[in-house]
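Here's the structure, in structure tokens; my notes come after.
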Amino acid sequence: MKIQRAIELQEKIIQSLRDLKKSTMQHVFTHGLRGEKTKMTEIGEIPESWEIYPLSELREFLQYGTSKRCTLDRKGVAVLRIPNIVGGKIDTQELKYADLPSAERERLFLHDGDILFVRTNGQKILVGRTAVYKGNPSPALFASYLIRARLQPKLIRPDFLQYYTGTASGAAHLSGRATPAADGKFNINTKIIDSVLVPVPDSREQDNIVQTIDLVAAKLVVQESKKSALEDLFKTTLNTLMTGEIRVQDLNIDVSEVEG
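Residue numbers are given in numbering that gives the first Met the number 0: position 149 of the sequence shown equals residue 148, and the series is strictly consecutive.
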């Protein structure tokens with residue numbers, strides 16, 4: 000069926016873009032964007048002009064979230080949880096809510112630019128995933144299985160740090176140092192996060208690096224959206240065939256708009 004072939008093509012395109020994003024991140028965090036010489040450091044090869052700082056020197060504070068039980072009932076304030084940290088972004092498809100005392104709400108309200116770390120997971124490789132809060136949903140709190148970092152914006156851009164945590168070096172300092180717990184999960188804590196070594200160029204190069212990776216990430220989002228639309232079309236078409244509303248020989252499916 001045309002739709003299935005189109006879905007397979009989209010999967011290949013998406014994988015190619017994922018590979019491109021990964022290689023782009025590896026390149027810019029190793030060589031930068033200015034073609035300068037590199038130097039070897041404790042976190043690997045980086046441009047000569049870059050400095051290395053522990054995260055403790057780049058943030059204002061770290062904070063655990065609320066342990067209050069959350070529900071799907073829209074009572075109280077949205078609370079971001081581990082399932083809302085997806086692919087380096089905040090996913091708002093399934094939000095839960097909690098009604099907290101005003102003092103605790105004020106203490107845990109998220110601000111634009113806050114970066115959230117996943118501190119526990121059953122799979123070690125998934126510990127330390129991050130996402131930057133950018134005002135959606137608003138207002139929002141965060142759950143106890145996440146750790147919020149409020150950064151010093153003059154020193155480091157949140158998106159720059161988020162992308163760095165997705166590199167092999169950044170992940171090694173986070174998921175690579177997660178410790179097993181009695182419940183079978185793996186954990187990191189504020190001490191581990193504070194000790195993460197971060198390569199830091201000047202603010203202009205940070206912004207340019209974020210823009211470079213964002214371009215690839217945006218293309219990936221578009222192609223993933225097209226794949227999702229094709230999958231929805233396939234399900235609708237299959238259901239129509241199974242209910243007998245239309246016969247196979249009557250199908251005339253044009254997927255060009257979705258593929259284009």
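We put the CB at the ideal spot given by N, CA and C, even for glycine.
In the structure shown, residue 236 adopts helical secondary structure according to DSSP, grouped into three states.
Scanning the region 87 to 152 for uninterrupted alpha helix (DSSP H) segments of 4 residues or longer gives 101 to 107, listed from N- to C-terminal end. Shown here, residue 83 sits in a helix according to DSSP, grouped into three states.
DSSP places residue 8 inside the alpha helix (DSSP H), whose first and last residues are 1 to 30.
Judged by DSSP in its simplified three-state form, residue 198 adopts strand. Around the CB of residue 80, 16 or more other CB atoms lie within 10 Å, so the residue is classed as buried. Of the candidates 6, 84, 97 and 64, 97 places its Cα closest to the Cα of residue 75.
Per the DSSP secondary-structure output, residue 183 pairs with nothing in a beta bridge. Restricting attention to 231, 33, 35 and 222, the CA atom closest to the CA of residue 17 is found in 222. Residue 174 counts as buried, since no fewer than 16 other beta carbons sit within 10 angstroms of its beta carbon. By DSSP's assignment, residue 77 forms a beta bridge with 96 and 139. When DSSP reads this structure, residue 155 sits in no beta bridge, so it has no partner.
The Cβ-Cβ distance between residue 143 and residue 66 falls below 8 angstroms. By the C-beta density criterion, residue 129 is buried, having at least 16 other C-beta atoms within 10 angstroms. Annotation for residue 61: the continuous beta strand (DSSP E) segment containing it runs 58 to 63. Per the Cβ contact rule, the region 23 to 42 is not in contact with the region 223 to 232 (fewer than 3 Cβ pairs under 8 angstroms).
Of all alpha-carbon atoms in 93, 211, 234 and 188, the one lying nearest the alpha-carbon of residue 19 is that of 211. Here residue 184 has 119, 120 and 121 as same chain residues with Cβ atoms under 8 angstroms from its own Cβ, once five neighbours each way along the sequence are excluded.
Counting C-beta atoms within 10 angstroms of its own C-beta, residue 34 has fewer than 16 neighbours from the protein chains shown and is therefore classed as exposed. When only Cα atoms are considered, residue 238 and residue 3 end up about 15 angstroms apart. The three-state reading of DSSP puts residue 51 in strand, counting E and B together.
In the three-state reduction of the DSSP assignment, residue 38 falls in the strand class.
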